[in-house]
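Numbering (my numbering), first residue to last: 2 to 277. From the three backbone atoms N, C-alpha and C, an ideal C-beta is built for every residue, glycine too. Values in this document were obtained by computation on a predicted structure and should not be read as measured data. Step one of this worksheet: look at the structure below.
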């Protein structure tokens with residue numbers, strides 16, 4: 002789907018478990034050459050190449066792959082894409098080890114279907130950090146903004162020429178279970194995104210594209226959701242100290258109106274992130 006004249010959204014569907022179906026959005030920046038924001042899950046390179054064919058572009062035009070963070074649904078296709086296209090890989094310096102050695106990531110965060118989703122390790126050609134300015138192609142300027150909280154070293158990328166910000170999983174999707182490592186940093190990241198100027202489009206990985214005044218509302222709603230979740234978790238801890246972690250998680254889901262959602266195995270970590 003075309004976001005604006007030179008930004009395209011590509012949806013990748015996958016399963017965390019047999020019961021939990023997810024999706025992630027990647028973004029293709031087109032011009033004289035092409036760049037990708039995130040790499041989806043292992044095997045999704047075929048979908049990316051197919052989409053490029055539909056719009057008259059070729060994978061050998063991809064010069065740069067920007068990873069917002071190290072989680073499997075964002076790095077899974079990176080190794081294959083680098084091999085196919087010869088592109089440079091840009092990724093957060095703070096999460097480089099998890100990308101270059103996925104065995105380390107799995108040992109520290111052993112999620113279901115990890116290796117199926119994460120594919121192979123990939124070398125990071127250019128580690129990025131807050132304030133990095135990258136010009137991977139003519140007419141493409143990418144500015145890096147640290148937006149941790151969903152993961153320890155998550156970043157967002159601002160495409161300066163088009164006024165587009167690619168936020169990865171920094172903004173919690175509405176009506177869904179947020180996945181967090183540090184709720185305070187996540188709230189600070191949303192505040193940092195609120196200070197951005199001249200942004201026309203906000204392109205998350207887990208939610209719809211927001212345009213104009215919708216961006217302000219999406220950020221406000223995301224911050225309010227995180228605050229509500231934190232207060233809910235702290236209240237449950239206070240009222241039910243003797244309940245098991247699983248019981249507390251279900252109680253939080255009920256109070257937040259998420260009882261109908263299948264329990265993502267990572268949500269327990271999000272509850273801990275609200276306490277710690």
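Nearest Cα to residue 78 within the set 274, 125, 46: 46.
Around the CB of residue 31, 16 or more other CB atoms lie within 10 Å, so the residue is classed as buried. Annotation: residue 22 to residue 174 spans about 15 angstroms, alpha carbon to alpha carbon. Residue 203: member of the beta strand (DSSP E) spanning 202–205, first to last residue.
Taking every protein chain shown into account, the CB of residue 250 has 16 or more other CB atoms within 10 angstroms, so this residue is buried. When C-alpha distances from residue 99 are compared across 152, 86, 41, the shortest belongs to 152. When DSSP states are grouped into helix, strand and coil, residue 220 belongs to the helix group.
In the DSSP assignment, residue 8 falls outside any alpha helix (DSSP H) and lies within the beta strand (DSSP E) extending over 8–16.
By the 16-neighbour rule on beta-carbons within 10 angstroms, residue 74 is buried. The beta carbon of residue 125 sits closer than 7 angstroms to the beta carbons of 90, 92, 97, 100, 101 from its chain, once the five residues preceding and following it are set aside; these are given in chain order. Judged by DSSP in its simplified three-state form, residue 56 adopts coil rather than helix or strand.
Taken through DSSP and simplified to helix, strand or coil, residue 126 comes out as coil. Counting only residues of its own chain and dropping the five nearest sequence neighbours on each side, residue 72 has a CB closer than 7 angstroms to the CB of 152. Per DSSP, residue 107 has no beta bridge partner at all. By alpha-carbon distance to residue 179, the top candidate from 239, 119, 228 is 228.
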